[in-house]
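For reference, the structure discussed in these notes is given below.
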Amino acid sequence: MRMILFLVSFVSFVTRICNASVNDVPGIYGPLPMVAVSNINNINPYLKRSPGDFTHPGLWHSHDDLERIRTNVLSNKDPWASTFANFSTDTFSLSNYTMQGPHGIISRGKISNYTAFAHDARAAWQNALMWYITKDQAHWDRSTTIIDAWGSNLTDIIGIDRSLLIGLDGDLFVNAAEIMRWEGNWTEAGASWRGGSGFSNQLYWLFSRQAAVIGQANYGMVSIKSLLSFAVYLEDVTMYNYAMNSFINDPCASLFAMYNSKTGQSVESGRDQSHTMSGIAWTAYAARVGQTQGVDLYKLGDDLLLKASEYTAAYNLNETVSYDPDWHRCEAVLVGAPWPTISEYNRGISNTQPVWDIMYYQYVVKRKLKAPWTTQAQREEGQEGAVSTNDHPSWGGLIWAY
Ligand SMILES: *[C@@H]1O[C@H](CO)[C@@H](O)[C@H](O)[C@H]1NC(C)=O
Ligand SMILES: *[C@@H]1O[C@H](CO)[C@@H](O)[C@H](O)[C@H]1NC(C)=O
Ligand SMILES: *[C@@H]1O[C@H](CO)[C@@H](O)[C@H](O)[C@H]1NC(C)=O
Ligand SMILES: *[C@@H]1O[C@H](CO)[C@@H](O)[C@H](O)[C@H]1NC(C)=O
Ligand SMILES: *[C@@H]1O[C@H](CO)[C@@H](O)[C@H](O)[C@H]1NC(C)=O
Ligand SMILES: *[C@@H]1O[C@H](CO)[C@@H](O)[C@H](O)[C@H]1NC(C)=O
Numbered sequence: 023m024r025m026i027l028f029l030v031s032f033v034s035f036v037t038r039i040c041n042a043s044v045n046d047v048p049g050i051y052g053p054l055p056m057v058a059v060s061n062i063n064n065i066n067p068y069l070k071r072s073p074g075d076f077t078h079p080g081l082w083h084s085h086d087d088l089e090r091i092r093t094n095v096l097s098n099k100d101p102w103a104s105t106f107a108n109f110s111t112d113t114f115s116l117s118n119y120t121m122q123g124p125h126g127i128i129s130r131g132k133i134s135n136y137t138a139f140a141h142d143a144r145a146a147w148q149n150a151l152m153w154y155i156t157k158d159q160a161h162w163d164r165s166t167t168i169i170d171a172w173g174s175n176l177t178d179i180i181g182i183d184r185s186l187l188i189g190l191d192g193d194l195f196v197n198a199a200e201i202m203r204w205e206g207n208w209t210e211a212g213a214s215w216r217g218g219s220g221f222s223n224q225l226y227w228l229f230s231r232q233a234a235v236i237g238q239a240n241y242g243m244v245s246i247k248s249l250l251s252f253a254v255y256l257e258d259v260t261m262y263n264y265a266m267n268s269f270i271n272d273p274c275a276s277l278f279a280m281y282n283s284k285t286g287q288s289v290e291s292g293r294d295q296s297h298t299m300s301g302i303a304w305t306a307y308a309a310r311v312g313q314t315q316g317v318d319l320y321k322l323g324d325d326l327l328l329k330a331s332e333y334t335a336a337y338n339l340n341e342t343v344s345y346d347p348d349w350h351r352c353e354a355v356l357v358g359a360p361w362p363t364i365s366e367y368n369r370g371i372s373n374t375q376p377v378w379d380i381m382y383y384q385y386v387v388k389r390k391l392k393a394p395w396t397t398q399a400q401r402e403e404g405q406e407g408a409v410s411t412n413d414h415p416s417w418g419g420l421i422w423a424y
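Just so we're aligned, residue 23 is where the sequence shown starts under my numbering, counting upward by one.
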C-alpha cells in the first residue's frame, strides 16, 4: 500500500516538473519481491549487494568485448572483418539512417504498430557499435539522438505482448544506451537531479516495471534477460537480484525449468522448433549479462544450456532425438498442448534464426568444450547477417566471436 501511494505521488511530481513522463504506470504490478541474500538454493554468489557492484559497460558488451571487436575489425581478422563488411553497410548501421519515430504510444498485441520503435532501436544499437569501432562522430550523433527522441517522447507501451516488445526491442535499445553512456560519455536529454524526464525515467517506469511479471518458458526468459539488462543500466540491486533468482529458480521460466537436465530437451520442443531455438538464445543473452557482471551462468547445471543446444541442434540437423512428452512448459494449454511427439514445425537451421554463433563461440571456442551438433549447426547456419526482427541481435561473427 505504501508503495502505491509512493507511485502516485512520484508520478504527479514528475508530471508537474517535466514535459514527458509515463502516463500509464500499471498499478496491478506491485513492488518486486525482494530476494534476500541467503543460502536458499545457493544463489548468494550470483547476487549483488550494492549499486557499486555493477560493472559498466555491462549488458552484452563489456569494455574488453568492445575492444576485441574493434581491434579485430581494424586488423582485418575473421570472423570479425567479414561480418563487419556486411554490418557496416546495413541500413541500420548508417549514420544517415532516417529515424522513423518517435511516437507517444506503441502497441504489440492485437494492434501491432511498433515497427518504428523496432527499427529505431536497432539503428541506435548498430550505430553505437559503429561509433565504437570507427569513432566517427556521425554515428555517435545518430545513436544518441534516437535514444533521446524516444527517451523523451514515448509515454506508453500497450498490448498483451508488450513484455516481448520491451524484452526484445527494448533490450537492443538499452544496450545502445549502455555503450553510449559508458564509452561515449553521452548524458541523456532531460537528466536532472530532481528526477529526469528522459531515457532512464522511461526505462524504469515503462520497460522495467512492465517486464517484471515473468511468464513461462521462452516468453518468461525474454523478461528475465531484459530485466537483467535494465537492472544493470539502472544499477537496481533489487531488480537484478529478482531477475537473477528467476533465471535460476523460477519454476516456469528458469534455465532449470526449461531444459531437461538429463537430455537437454526444451519444454517447448513439442510446440515448434523456432520457439525452442529462440528460447535457447534468450537464455544465452541472460547468461551474457551475467558474464559482464562477473558470474558464470553458462556453466550452471554442468553446462545445461550447452546440453540444450546440442539436443536442439541435432534435431534441427535432421537427427533423431529421444522425446519425453511429460517435459513440457507451464500453461502449455495456451499454446496447443498436449504435444505427444516432438514438433517438426519450423525445423531446420538458417541464419534467419541467428542463434548458433553465441552458443558456438561461448562454449566451443572460448571454453574449448566438445559440442559436435552445435558446431555443425553454426557451420550450416553461415554468417549471421541482416534480420527482419529484433528477436535476436544477429551479427554473431562480430559481437559474439572469440
Ligand atoms: C547514406 O550513406 C550511404 C553510405 O555512406 C550512402 O550510400 C547513401 O547514399 C546515403 N543516403 C542518403 C539518403 O544520403
Ligand atoms: C498504436 O496503437 C495505439 C492503440 O490504438 C494508439 O494509441 C497509438 O497511437 C498507436 N501508435 C502508433 C505509432 O501508431
Ligand atoms: C520529444 O519531446 C521533446 C520534449 O517534449 C521535444 O522537445 C522534442 O521535439 C521531441 N522530439 C521529437 C523528435 O519529436
Ligand atoms: C569520456 O570522459 C572521460 C573522462 O572525462 C575521458 O577520459 C574520455 O576520453 C571521454 N571519452 C570520450 C569518447 O569522449
Ligand atoms: C534436413 O531435411 C530437410 C528436408 O528434407 C532438408 O531440406 C535439409 O537440407 C536437411 N538438413 C540438413 C542439415 O541436412
Ligand atoms: C554479405 O555481403 C555479401 C556481399 O554483398 C553478400 O553476398 C552476402 O549475402 C552477405 N551475407 C549475409 C549473411 O547477408
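From the three backbone atoms N, C-alpha and C, an ideal C-beta is built for every residue, glycine too. Source: prediction; values computed, not measured.
Within its own chain, the residues whose Cβ lies closer than 8 Å to the Cβ of glutamine 405, once the five positions on either side in sequence are excluded, are Pro101, Ser104, Thr105, Asn108, Asn373, Gly419, listed in chain order. When rounded, the separation of the alpha-carbon atoms in isoleucine 302 and glycine 173 is 30 Å. The closest heavy atom of ligand 5 lies 7 Å or more from the beta carbon of glycine 80. Taking one beta carbon from each stretch, the region 338-348 and the region 383-394 have fewer than 3 pairs nearer than 8 Å; the two do not touch.
Using a Cβ distance threshold of 8 Å, valine 196 and leucine 225 count as a contacting pair. When DSSP states are grouped into helix, strand and coil, serine 129 belongs to the strand group.
Taking each of Pro394, Thr314, Ile201, Glu89 in turn and checking the Cα distance to alanine 146, the smallest one comes out for Ile201. The closest heavy atom of ligand 5 lies 7 Å or more from the beta carbon of isoleucine 364.
Within the region 243-290, the alpha helix (DSSP H) runs of at least 4 residues that lie entirely inside it are, in chain order, 259-271, 277-280.
Contact check for isoleucine 371 against alanine 393 fails: the beta carbons are separated by 8 Å or more. In chain order, the residues with a C-beta atom nearer than 5 Å to some heavy atom of ligand 2 are His125, Ile127, Ser129, Ile133, Asn135. Contact between leucine 391 and glycine 323 does not hold, since their C-beta atoms are separated by about 14 Å, which reaches or exceeds 8 Å.
Residue state for aspartate 158 is assigned as coil, using DSSP reduced to three classes. Shortest gap from the CB of glutamate 403 to any heavy atom of ligand 5: 7 Å or more.
In this structure, the alpha-carbon of glutamate 366 lies about 25 Å from that of proline 415. Distance from the CA atom of aspartate 86 to the CA atom of alanine 198, rounded to whole angstroms, is 16 Å. By the rule of a C-beta closer than 7 Å to any heavy atom of ligand 1, the residues picked out are Leu116, Asn118. In chain order, the residues with a C-beta atom nearer than 7 Å to some heavy atom of ligand 4 are Glu205, Gly206, Asn207. The Cβ atoms of isoleucine 65 and methionine 280 do not sit closer than 8 Å to each other.
Collapsing the DSSP output to three states places isoleucine 421 in a helix.
Here the residues close to ligand 5, judged by CB distance below 5 Å to any of its heavy atoms, are Leu339, Asn340 in chain order. In this structure the region 80-98 does not touch the region 119-136; the number of beta carbon pairs closer than 8 Å is below three. Distance from the Cα of arginine 293 is smallest, within the candidate group Val311, Ala306, Tyr262, Thr334, for Thr334. A Cβ-Cβ separation of about 6 Å places glutamine 315 in contact with valine 254 under the 8 Å criterion. In this chain, the beta strand (DSSP E) harbouring aspartate 178 covers 178-180. Judged by their CB atoms, glycine 181 and valine 244 are not nearer to each other than the 8 Å cut-off. The closest heavy atom of ligand 3 lies less than 7 Å from the beta carbon of serine 174.
Ser110 is the residue among Thr77, Pro55, Ser110 whose C-alpha sits nearest the C-alpha of alanine 408.
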